[in-house]
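Using my numbering, you'd call the opening residue of the sequence shown number 25 and step up by one each time. Virtual Cβ for every residue (Gly too), placed ideally from N, Cα, C. Treat the numbers as computed from the prediction; the structure is a model and nothing was measured. Report on the structure given below.
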Amino acid sequence: MPATEVFVFMLINLKGKWKCPIEYFFQNKINAITQAELIKSALLIIHNTGLRVWGITFDGAFTNFSSMKILGCKFQDSYTDLKSWINHPISNEKVFNVPEPYHMLKLAHNTLGNAKLIITNKGVVRWDYIENLFKVQSDLSLKLDNKLSQAHVMWHQNKMKVKLAVQTLSSSTADALLFMKNIHMDGFHNVDETVTFCKNIDRLFDFLNSRNPFA
């Protein structure tokens with residue numbers, strides 16, 4: 025069966041600017057078990073050079089998370105039960121799991137856009153509020169210090185554009201929604217959980233997208 029993908033391991037220096045591909049495999053839909061073994065193999069090869077691996081980064085594909093679970097990560101609903109690292113197969117040092125921030129934000133955005141709502145333990149996050157905010161701003165020919173446009177609400181036509189997802193789930197969008205609630209605008213009375221969701225995504229993205237270890 026011909027290969028449809030290339031699985032690549034890229035080594036990136038945390039303090040410098042260099043990066044180097046160390047392994048690549050032509051494949052056709054690799055499974056999580058095989059991928060986990062390849063990750064262990066890469067860790068062994070890197071260890072033998074004297075370098076230390078601090079983290080593993082990947083996009084949000086289901087297979088990637090399954091591989092990390094096989095290697096020892098625990099992805100639970102409760103923060104106290106979360107285990108975001110694996111133990112190095114030789115040194116036993118922690119190797120942290122850091123999903124790629126841009127892709128994870130895009131997945132959060134697309135999930136809300138497709139499902140229209142996300143139920144949390146404190147309430148409901150609703151996509152309708154974002155659409156309503158855009159409509160009010162368009163009708164009044166103003167923007168409440170946010171970037172929302174037709175492209176943001178018609179996101180299916182631009183679902184690969186991370187910039188639109190970042191601007192949609194932003195603190196500026198959250199502040200505008202809260203303003204609508206505070207002035208008692210119809211249709212914005214229960215925006216609190218959507219506001220919290222947007223602000224949390226915005227803060228997490230800024231934190232994970234920083235090069236500063238103390239950010």
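Residue i: buried (16+ other C-beta within 10 angstroms of its C-beta) or exposed?
i	result
Pro-26	exposed
Met-92	buried
Asn-121	buried
Pro-45	exposed
Phe-212	buried
Arg-150	buried
Thr-218	buried
Trp-109	buried
Leu-166	exposed
Ser-194	buried
Val-5	Residue 5 cannot be examined here, being either before or after the span of the chain that is shown, 25 to 239.
Trp-179	buried
His-133	buried
Asn-170	buried
Gly-137	buried
Asn-156	buried
Val-148	exposed
Thr-104	exposed
Met-184	exposed
Met-204	buried
Phe-158	buried
Ile-57	exposed
Thr-197	buried
Leu-106	exposed
Could you give the residue range of the beta strand (DSSP E) that holds residue i?
i	result
Trp-42	First-last for Trp-42: undefined, no H or E at that position.
Asn-111	109-111
Is residue i helix, strand or coil when you go by DSSP?
i	result
Met-34	strand
Val-190	helix
Phe-221	helix
Glu-29	strand
Asn-121	strand
Phe-231	helix
How would you write the range of the alpha helix (DSSP H) that residue i sits in, first residue to last?
i	result
Trp-151	151-164
Phe-203	195-206
Asn-134	125-139
Val-177	174-177
Phe-99	Careful: Phe-99 lies outside any alpha helix (DSSP H) and carries neither H nor E.
Asn-16	No information on residue 16 is available, as it lies outside the stretch 25 to 239 that the chain covers here.
Lys-64	56-71
Strictly under 7 Å for the Cβ-Cβ distance: is residue i near chain D by that measure?
i	result
Asp-163	Protein chains in the displayed structure number just one, and chain D is not present.
Since residue i contacts residue j with CB under 8 Å, what's their CB separation in whole angstroms?
i	j	result
Thr-87	Ile-54	7 Å
Val-177	Ile-142	Their Cβ separation, rounded to whole angstroms, is 17 Å, which puts Val-177 and Ile-142 out of contact at 8 Å.
His-112	Leu-67	6 Å
His-127	Gly-74	Not confirmed; about 31 Å, so no contact.
Val-119	Val-77	5 Å
Ile-94	Ala-139	With 8 Å as the limit, Ile-94 and Ala-139 do not qualify as a contact, their Cβ atoms being about 28 Å apart.
Val-215	Leu-228	20 Å between Cβ atoms; not a contact.
Met-34	Lys-43	6 Å
When every heavy atom of the ligand MG is checked, does at least one fall within less than 6 Å of the C-beta of residue i?
i	result
Asp-105	Judged by which ligands are present, the structure shown has none, so any question about the ligand MG falls away.
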